[in-house]
Every structure is written in structure tokens, then in C-alpha cells.
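Chains as they are written, first to last, in my numbering: chain A, 1 to 211; chain B, 1 to 771.
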Amino acid sequence: MAVEEDHWVFYFDPNRCIGCHACSISCKQFHGRDADADDWRTVTHHEKGEYPEVAEVPVSMSCMHCHDAPCAEVCPTEAIEKRDSDGIVTVDQDACIGCKYCGWACPFGAPTYGDNGLMSKCNMCLDQGPGSGAGAESKNEQDDPIQPNCVSDCVGDAIKAGPQREIIKEASQAAAERFQSNDGRVVVEPFRGEENLDMVEHAATPEHAGD
Amino acid sequence: MSERVGTLTRRNLLKTAGAAAGAAALGGCLTGDGTDDSPSGELSTAFGNCWMCSHNCGQKASVRDGTVVNLTGVDGHPRGSAGPDTEGTLCPKGLAQLDKTHDPKRIKEPHIRDEDGNLQKVSWDEAFQYTAERLVEFDENNGAETFLDATSWAETSIFRTVWRDLYGSPERISRGIHVCAGPTFVTGGMMGVGSNNRVPDYQNSEYIIAWGRNVLNSFAGQFEAKGVLEAIENNGATLVTIDPQHTITAQKSEEWMPIEPRTDGALALAMANVIIEEERYDEAFVENHTYGFEAYREAAAEMPPERAAAITGLDAEQIRRVARGFAEAAPQAGISVWTGTAQAGNGWKATQNITALNGLVGNVDRPGGLRLWKYPATASFGEVCEQDYTNRAEYKEPALKKYDEYSDYPVRHIEGIAHNLVPEMVENDHINGIVCHHDDPLKDGNAEAWIEAIEAMDLVISIDAYWNGVSRRADVVLPEATQLEKDTLGTGNWSAYPNHKWVTGAKAAVEPQWNTLPDFDILTGIADAMAGETGNDDWTIFQQWDSHEEFIDDQLSTLDLTLEELDSGETNYELVEEYDYEQYSEDFTFRFDLDQVDSFAKAAEEAGMDTAPEWIPPGTYGDSTSEEYPLEFTDVRSVFFSHGSNQPHERLQDQFAKRNRLSGEDYRGNYLYLNPEDAAERGIETGDMVAIESKTGSGELMAVVTQRARPGFVTAEYGFGQTSAITTGEDAREKSADGMNTMMLHDMQMDPITGQVDRHIAVDVAPAGGD
């Protein structure tokens with residue numbers, strides 16, 4: 001069993017996000033998902049203030065593969081698994097009964113439901129297509145594990161993914177500290193421009209996710 | 001190139017053997033639910049040069065069974081990365097090439113219009129033969145010189161050879177000067193720096209002014225956005241954005257100057273005022289390498305920051321601060337400027353005044369400043385063509401210069417054509433036909449008159465991938481294979497490599513889809529048919545090449561390269577020649593005053609403007625707001641769309657709707673952005689359909705009420721609505737797409753010097769009513 005430091009996490013630097021949605025599009029293309037399906041990786045834009053004292057900040061978010069994975073906790077058929085090996089939360093659609101408990105339990109709205117009613121969400125590109133990745137070889141066992149497509153196609157180089165111990169090395173101290181004190185979900189760099197910090201905080205807290 | 005960033009592996013799918021299990025699913029899950037058939041063929045990689053906005057970011061494609069199943073960027077690519085050892089990516093438009101390649105809404109077969117006026121599917125042989133017959137007939141009846149070449153979107157240089165040299169038409173309209181940023185291109189050329197005034201040397205800059213540009217979203221190659229971010233992070237560069245509307249670039253700037261629209265010329269002069277008054281300019285450069293400084297100094301003296309503040313609505317202290325910051329950082333200070341200040345009636349002087357700042361601080365061809373970018377020395381058509389032929393357009397003058405009917409238009413001294421004047425030229429029988437290749441003139445200005453003009457022409461040939469306003473009205477429709485379906489060679493000047501010239505090349509990743517052909521094959525097919533129809537051997541000049549690849553190899557011969565070499569290996573580009581900064585000669589001259597440029601001096605005199613930098617208020621040429629039309633409109637660009645050709649892609653439409661928080665609506669058009677003040681006065685809320693009206697046109701689109709919009713100023717993304725490529729399938733060929741063709745509001749407004757369409761229009765907006 002891998003230690004938590006080997007679990008894969010996402011990293012997001014709001015200072016480098018240009019709000020272009022390439023991450024959302026490349027995610028859908030890689031997983032063969034229709035344009036109008038709910039995004040697994042979503043870019044939201046948060047506006048405040050009055051012209052010309054106006055600010056608008058884009059935030060790119062996906063399933064955070066939480067250490068406590070509330071979606072897995074509530075799944076009655078154990079279709080959702082928080083993998084010990086690499087920390088990636090996968091769903092086995094053969095076991096999913098489409099009850100949507102996971103959707104209610106997730107603070108970030110990560111689970112989506114297709115025409116077949118079954119849950120699908122980000123699997124860090126362990127495999128391709130909705131429901132894939134369950135049972136796939138651990139990212140940590142692969143010789144040269146592929147990066148999630150959203151990372152490979154991030155124009156601003158704002159998104160990264162990898163084992164927590166590696167990602168933390170790349171992050172600023174402030175981002176690392178924040179990660180430790182924020183349930184260890186996703187590593188987020190502090191936003192330059194103190195006056196707008198609350199906008200990123202707002203977007204990255206469970207009760208406001210996706211606002 | 002390194003494939004590692006820190007300790008993290010950043011390789012893409014296809015470089016890894018370990019990805020085989022994951023890759024095996026590729027292609028089998030494209031129908032959406034991931035449960036259907038298993039893929040069978042081998043997965044392979046191929047390259048591409050992205051042409052969605054025509055700026056050649058490198059693409060790496062995953063291909064299985066003749067289908068492109070994934071796309072990503074090329075590491076270290078000159079246009080698609082931040083330079084050496086950095087990731088290559090694709091923007092949303094570039095990613096959409098995957099969908100475009102296999103889009104069932106594309107034109108799939110050649111068509112010709114029958115005697116009853118209906119388009120009928122024909123074979124390529126029939127299409128080529130019919131095209132040749134019609135071209136010969138057109139020449140006999142109207143003269144080839146009245147045939148307008150609108151093919152500047154081309155990925156091969158032989159378009160110009162076919163239409164100008166062989167067919168003999170001097171009439172050519174381009175996307176660049178005529179409808180994109182005429183003043184930017186032409187002032188740069190006349191002032192001595194070419195059109196390099198647009199893109200500075202970001203990587204080495206310490207102070208970047210994005211002047212009327214949302215460079216982080218509306219870029220000419222991703223290296224621009226990446227270069228700005230790198231300059232901020234690595235050089236601690238200051239980013240300043242001058243823009244009436246709030247953008248992502250404004251958001252990431254240290255200073256946003258929310259300027260009154262069309263007053264950029266006053267701001268530029270005020271900055272010069274501060275720099276000259278405080279003696280912060282580069283005296284040596286001004287002394288040794290400029291002309292007309294006294295006239296410039298006098299114009300700047302008349303624009304102290306307080307006067308400019310009253311004109312621009314900006315704070316005088318902010319103007320001083322930015323002027324000082326720019327001058328202090330110079331020569332490592334650059335200005336990024338393109339369409340924003342150019343698409344206005346007074347755009348010429350705005351651009352001249354802005355470009356002049358570079359000469360003043362002496363940043364010309366110095367690290368971090370205005371780079372004199374260079375193209376690689378690929379061989380021209382003349383150099384590689386072994387057969388002699390007669391250039392039939394050599395002694396022909398374009399109608400604009402030839403006939404008295406246009407003597408009131410100063411543009412005739414500068415350009416051979418003006419977009420807005422084409423309908424008048426059609427009425428005068430000076431233009432009677434057009435060949436249009438992906439250009440979308442019906443979205444570029446004076447739209448209503450242009451639609452009538454296209455319908456009145458004797459011959460319309462459309463080479464395109466989609467059923468749009470031109471192809472639907474054409475007599476001949478030649479369906480083109482899109483970029484990943486053909487061999488391409490890309491070159492350019494500006495890039496992430498300020499000291500290298502470069503080329504990028506790619507062989508076709510997949511076969512042409514349906515019954516389409518690459519543009520090279522379409523043109524050589526027409527030429528072969530013309531050879532038979534006319535009996536003139538000049539039309540056989542392309543027969544020396546068996547394929548486009550052979551022609552490209554000849555173009556590359558001067559660099560001792562082949563397409564095969566470019567296309568093999570881990571990347572698809574080559575840095576070919578190194579060049580240093582400050583390579584201009586001792587007698588290099590940067591002109592502040594353009595009185596020595598005869599053509600401009602004549603045009604300026606007729607237009608009533610000075611040859612030196614000068615402040616010309618909005619409304620001098622073009623619209624002023626009034627009681628009846630109290631709002632100023634202009635159209636804008638986003639990261640999702642470029643020109644009029646990306647709008648059919650559902651992924652882009654849906655993400656654009658999401659970006660505007662309106663994806664829940666059954667509407668995928670453009671949005672009108674207006675300030676809450678203006679919206680409240682009119683009882684408009686986000687999501688309402690609104691009617692917008694100018695003196696000469698009107699339309700309907702959906703409103704977005706936002707504080708990012710300046711009070712009194714409304715904007716919308718262009719390229720939508722009437723005359724758009726259809727988005728609902730071939731059967732609904734005449735159905736208009738959602739949204740509004742913004743240029744239906746436009747009439748004849750233009751910059752009098754270059755004829756550049758002036759996209760600032762006085763309008764009013766009201767609730768449209770209904771659903």
C-alpha cells in the first residue's frame with residue numbers, strides 16, 4: 001500500500017491560468033465525450049467589483065481525488081474506489097447503479113451522469129472514456145506514466161499533476177502549507193493581487209465550488 | 001528538447017510504451033459512452049501546422065484507422081510553446097481541428113450550379129472542366145482583370161501564381177491589410193520597421209504594453225500568451241493593458257488603463273510628451289536613426305497628460321507613470337499592438353503615434369523591444385519554377401487606381417483595393433467575379449452590400465470546407481481538405497525564438513476526408529483543365545511537380561531541408577538561421593514624419609491629415625454617437641474563435657457559452673456585452689435577446705450584462721449569425737446560425753488611408769421581446 005505522499009494530486013496556479021478552456025476541451029476529446037456533456041474539468045469565471053474597479057478570475061477545477069473521498073464513502077455498491085496504489089478515485093460502471101448519492105456527497109460537483117445514468121468523472125487519464133480506469137495499473141507502477149490531457153494541453157502551464165511528494169516540491173511554500181491545512185485536496189498557488197484572493201478562495205472551497 | 005519539467009515527466013500519450021493499454025481504447029470510445037466497439041488498427045503519430053487562426057502552432061496528432069483521435073502541441077515549437085525546453089500545447093481553436101477533420105457538416109463533394117440555379121454534386125473532373133469553361137467565358141465577357149482574388153488564407157503560395165500570373169487579375173484582397181489591421185501594417189512599413197511593430201520580443205522584455213490587445217486570449221500563436229507569462233515570471237516584467245473593456249490580459253496586468261474608445265492616439269502623444277519633457281528618450285537613437293523628430297516633438301508638446309486625461313478618461317498621473325515606466329525599462333520595453341487601435345476611422349494616427357514611441361525610446365531591434373523579425377530564406381515560386389510563363393497581370397492596374405469613379409478615396413494612393421468599396425466596384429462593372437478561399441468577406445464589413453455584390457457577380461468560385469454565406473451562393477464549390485489532411489509548410493517571422501529563423505512542416509496526418517482535395521491539388525486541377533481549355537502551355541507549369549511534397553521540397557531546397565526531415569523525429573520544426581539584434585545598417589532611418597513617403601503624403605493631404613504624428617478625434621472619420629444612437633459598438637475576439645471559420649465547432653460553441661455562464665440557454669451565438677448602467681436604462685438582463693440597431697443595419701443577439709463592459713460602450717464577438725457556416729447539417733443549408741453578423745450594422749466607415757474597415761459604430765440597443 002502506497003503512502004499518501006505517493007498519491008497523485010492536481011496542482012493549479014491561478015496566476016498562469018488564462019481562462020481559455022483548452023483543459024475542458026482536451027479532456028472531452030481524450031475521453032471521447034460529447035461537446036454538451038457536463039465537464040469533468042470545468043473552468044469558471046468569477047467577477048466582482050464595478051467598472052473600472054472590476055476583476056474577473058478564471059478557475060480550472062476537476063475531481064480532486066480527495067484523500068477522504070466522500071463519494072466513495074457513500075457509494076452503496078462500492079463502485080467508487082479511492083485507490084491505495086496511486087490515490088486516484090475511479091468508478092466501475094459495471095457496479096454503478098446510478099443512484100447519484102456520490103453527486104450529493106461530493107462538495108465540488110465532480111461526478112457527472114451520462115445518458116445511461118451512470119456516473120463518470122476525471123480519472124487522471126488512467127484510461128480513456130467514461131467509467132474507464134477502474135482496475136487499471138497504478139500510475140506509480142507505470143514506467144513513464146502519461147500526464148492527464150488537461151495538463152498536456154494547458155496553454156498557460158497552470159495545471160500539473162503527479163505524486164504529492166513531487167508536486168509539493170514544485171509548489172511554493174505557501175501553496176504547500178495551504179495544501180496541508182486544506183484537507184490535502186489540490187495544490188493551489190497563492191493568487192497575486194491580494195484584493196482578489198477571496199475570489200480564488202471562494203471557488204476552491206466546497207460550499208462555493210462551481211459558483 | 002527536454003521532455004521533463006523539474007522532476008515531473010511531461011510526455012504525451014504517444015511517446016510512452018506504458019500508455020499502450022490506455023491508448024488501446026482510443027478510437028473505440030468516440031461515440032460517447034465508451035462501451036462500444038474495440039479499436040483494431042495501430043496507433044501512430046503525425047504532425048500538423050495549425051491553421052485555425054493561420055499562425056502555425058505545431059500539432060502532434062494521434063491517428064488510428066485513418067482517424068485523428070487526439071491532438072496536442074509540439075514541445076519547443078516556435079509558435080506553440082514558450083521556447084526551448086518548454087511544453088507545446090494547443091489552444092481551444094487548435095484542439096478543434098480534431099473535430100473539424102471529421103466534421104460531418106463539412107462540404108463533402110464538389111458542386112456546380114445547374115441551369116435551374118441549384119447546386120449539384122459532380123465529380124472532380126467535371127468540376128475542374130466546368131471551372132475552366134466558366135473562367136474562359138468570364139475572361140471573354142468581362143475580362144480576367146475584373147476577377148477578384150480573395151485567397152489570402154492559403155497554405156500554399158501557388159494561389160497567387162494561378163489567379164494573378166496565369167489568369168491575369170490584378171485585383172487581390174487580403175485578410176491582413178484590408179480587413180485586419182491596415183494602419184498597423186502600413187504605418188510600420190512606412191516608418192521603417194515593417195509590420196514588426198505588432199509583436200515585441202516578449203521573452204527578453206521587462207515592460208510590455210498590450211495596446212488594444214487581449215494578447216493572453218487573442219494571440220497570433222500561443223507563444224505570445226506564453227511569452228508574456230514567462231516575462232512576468234522570469235523577468236519580473238511589468239504588464240500594462242490599454243483597453244476600454246476588461247479582459248484576462250487587463251486582469252493580469254499591473255496597470256489597466258480603461259481608455260475611452262478611439263482615443264489611443266491622444267494617450268500615445270501624451271506619453272511622448274512626458275518622455276520628451278523629462279528627457280527620458282534615447283537621444284543617440286533619435287539623433288542617428290530617426291527622421292522628423294521636430295514635428296513629433298511639436299505634436300507631443302500639444303498633448304500634456306492633463307489634456308490627454310480629459311480626452312481619454314484616464315488619470316494624468318497614471319499616464320505619467322506608464323510613460324516613465326516604459327522609458328525607464330527601454331530598450332527592454334515593447335508594445336504589442338494589432339487590431340484594437342487599427343479598426344477605427346482614426347486608426348492611422350493612433351497607430352502612427354503608438355509606433356512612434358518605439359523610435360523615441362530607441363527599443364528598435366534591441367532585446368525585449370521592437371524586434372526586426374526575419375523570415376527564413378525559402379525559395380520563391382520564381383526560383384523553383386523551371387518553365388517560363390507570361391505574367392498576365394504585370395501591366396494591369398487595379399480598378400481603384402485606374403478609374404475616376406474612385407478619385408474621392410485617398411486609399412487609392414496606398415492600396416489596390418478597399419474592402420468597403422468592392423460592392424461599388426461590382427456596381428460599376430469593375431469587379432464581376434470572385435474566387436474565395438476560406439476568406440469570409442461577408443463578415444468583414446459593409447455586409448449587406450457585400451451580400452448583394454456576391455449575388456450580382458457573374459462568377460463565384462468558393463474553395464472552402466463549410467457551407468457559409470459565400471459557398472452557398474457560389475457557382476462552383478470546391479471542397480477543400482483541411483489542414484491535417486494535407487502536406488503543409490509553415491514559415492514566419494515572430495516566434496518564441498528571437499534569435500532564430502524557423503520553418504515548420506508536416507505531411508498529411510490522414511487522407512483527405514470524403515471527396516475533398518488539398519488546395520494544392522485543387523489549383524493544379526484547375527490549371528490542367530485551363531491548359532486543355534485554352535491550349536496555352538503556361539497553365540502546365542505545375543506539371544513539373546508530381547505532388548505538393550515535391551513542390552515543398554523545392555521551396556526548402558535553399559535551406560538544405562526536406563519535408564520528410566521536418567516531419568520525422570520528435571518535433572516538426574527546424575531553427576534554420578541565427579541572427580543577432582541591431583543588424584540594421586548605419587543609415588537605417590525610423591520615420592516619425594512620413595512627408596517623404598509620396599503615396600502617403602498625397603493620401604494624407606486628400607484626407608485632411610498631417611504627415612507627422614497628430615491627434616485626430618473620433619468621429620473625424622466614421623461615426624459619432626448621438627441622441628438616436630447613444631452607444632458605441634465594436635466587435636471583439638475571444639480565445640475560442642478566429643475570423644469567421646471556427647464558429648461551426650460545437651465544442652467551441654459550448655465552452656464559449658459556458659465562459660459566458662449561459663450554457664443552459666438553447667442559444668449558441670455571440671453575446672452583446674453591456675454595462676449594468678446601460679442595461680438598467682433599457683430594462684435588459686443577462687440572457688435576454690436584444691435588438692441592436694445602427695443608422696444602416698440591425699440584428700438580434702443575446703445580452704450579457706457585466707461590469708467588465710465600459711459604460712456607453714457595447715461589444716460582441718464577430719463571425720456569427722447571418723452568412724455563417726451552418727451548424728445544423730447539410731440539409732439545413734440555408735438556415736442561419738445563431739447570433740448576429742455584427743457587420744450588418746456596418747456601412748462604409750473606414751480609415752481613409754488604408755481602407756481598413758472601421759468597426760466602431762454608433763448604435764442603440766433595446767429588448768428584442770419574445771423568447
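Heads up, the beta-carbon is just placed ideally off N, CA and C, and yes, glycines get one too.
Taking all protein chains shown into account, tyrosine 673 of chain B has 16 or more neighbouring C-beta atoms within 10 Å of its C-beta and is therefore buried. In terms of beta-carbon proximity, proline 14 of chain A stays away from the interface with chain B, with every pair separated by 8 Å or more.
Against tyrosine 51 of chain A, the close residues of chain B are His246, Pro258, Asn675, Gln707, Arg708, Ala709, Arg710, Pro711, in the order they occur along the chain (beta-carbon pairs closer than 8 Å). Take the alpha-carbon of asparagine 646 of chain B and the one of valine 470 of chain B: they are about 15 Å apart. Across the region 146–159 of chain A, CB contacts with chain B closer than 7 Å involve Ile146, Gln147, Ser152, Asp153, Cys154, Val155, Gly156, Asp157, in sequence order along the chain. Residues of the region 32–64 of chain A with a Cβ closer than 9 Å to any Cβ of chain B, in chain order: Gly32, Arg33, Asp34, Ala35, Asp36, Ala37, Asp39, Thr42, Val43, Thr44, His45, Glu47, Lys48, Gly49, Glu50, Tyr51, Pro52, Glu53, Val54, Ala55, Glu56, Val57, Pro58. In the structure shown, isoleucine 552 of chain B falls within a helical segment according to DSSP collapsed to helix, strand and coil.
Looking from the CA of serine 54 of chain B, the closest CA among B:His419, B:Glu386, B:Glu155, B:Ala323 belongs to B:Glu155. At a Cβ-Cβ threshold of 8 Å, phenylalanine 10 of chain A and glutamine 128 of chain A do not count as neighbours.
Remark: C-beta atoms of alanine 2 of chain A and cysteine 91 of chain B do not approach each other more closely than 8 Å. Distance check between glutamate 533 of chain B and each of B:Gly292, B:Tyr130, B:Glu115, B:Phe381 places B:Tyr130 closest, using alpha-carbon atoms only. Near chain A, meaning a CB-to-CB distance below 7 Å, the residues of the region 78–104 of chain B are Glu87, Thr89, Leu90, Cys91, Pro92, Leu95, Leu98. The three-state reading of DSSP puts histidine 65 of chain A in coil, since its state is none of H, G, I, E or B.
Under the DSSP assignment, valine 69 of chain B falls in the beta strand (DSSP E) whose first and last residues are 67–73. For the options A:Asn123, A:Asn149, A:His45, the alpha carbon positioned closest to that of cysteine 66 of chain A is the one of A:Asn123.
Judged by beta-carbon spacing, glycine 416 of chain B lies beyond the 8 Å limit of aspartate 758 of chain B, meaning their Cβ atoms are not closer than that value.
Proline 498 of chain B sits in coil when the DSSP states are folded into three classes, being neither helix nor strand.
Within the DSSP secondary-structure output, leucine 745 of chain B pairs in no beta bridge.
Neighbours of histidine 21 of chain A in chain B, taken as residues at a C-beta separation under 8 Å, are given in chain order as Pro92, Val639, Phe640, Gln655, Lys658, Arg659. Taking 4 residues as the shortest admissible run, the region 381–412 of chain B contains the following complete alpha helix (DSSP H) segments, listed from N- to C-terminal end: 381–384, 399–402. Segment contact: the region 703–712 of chain B against the region 239–259 of chain B, three or more CB-CB distances shorter than 8 Å; contact assigned. Contact annotation for isoleucine 25 of chain A against chain B: Pro92, Leu95, Arg651, Gln655 [CB-CB distance below 7 Å, chain order]. Going by DSSP, alanine 657 of chain B is part of the alpha helix (DSSP H) stretching over 650–659. At a beta-carbon threshold of 8 Å, none of the residues of chain A lie near leucine 566 of chain B; the nearest stands roughly 22 Å away. Contacts with chain B at 8 Å (Cβ-Cβ) include isoleucine 18 of chain A.
Listed along chain A is no residue with a C-beta nearer than 8 Å to that of glutamine 203 of chain B; the closest approach is about 15 Å.
A Cβ-Cβ separation of about 6 Å places tyrosine 629 of chain B in contact with lysine 695 of chain B under the 8 Å criterion. Under the three-state reduction of DSSP output, phenylalanine 10 of chain A falls in the strand class. Shown here for alanine 72 of chain A: same chain residues with a beta carbon closer than 7 Å to its own, the five before and five after excluded, namely Ile80, Glu81, Lys82, Val89 in chain order. For valine 199 of chain B and tryptophan 494 of chain B, the gap between their C-alpha atoms comes out near 7 Å. With the rule of 3 Cβ pairs closer than 8 Å, the region 514–521 of chain B counts as touching the region 473–486 of chain B. Contact between histidine 46 of chain A and valine 57 of chain A holds: CB atoms are separated by about 5 Å, below the 8 Å threshold.
DSSP places isoleucine 209 of chain B within a strand segment (E or B) once states are collapsed to three. The region 752–766 of chain B makes contact with the region 680–694 of chain B: 3 or more CB pairs, one atom from each, lie closer than 8 Å. Between proline 367 of chain B and asparagine 204 of chain B, the C-beta spacing is below 8 Å. Here valine 714 of chain B is bridged, per DSSP, to B:Phe633.
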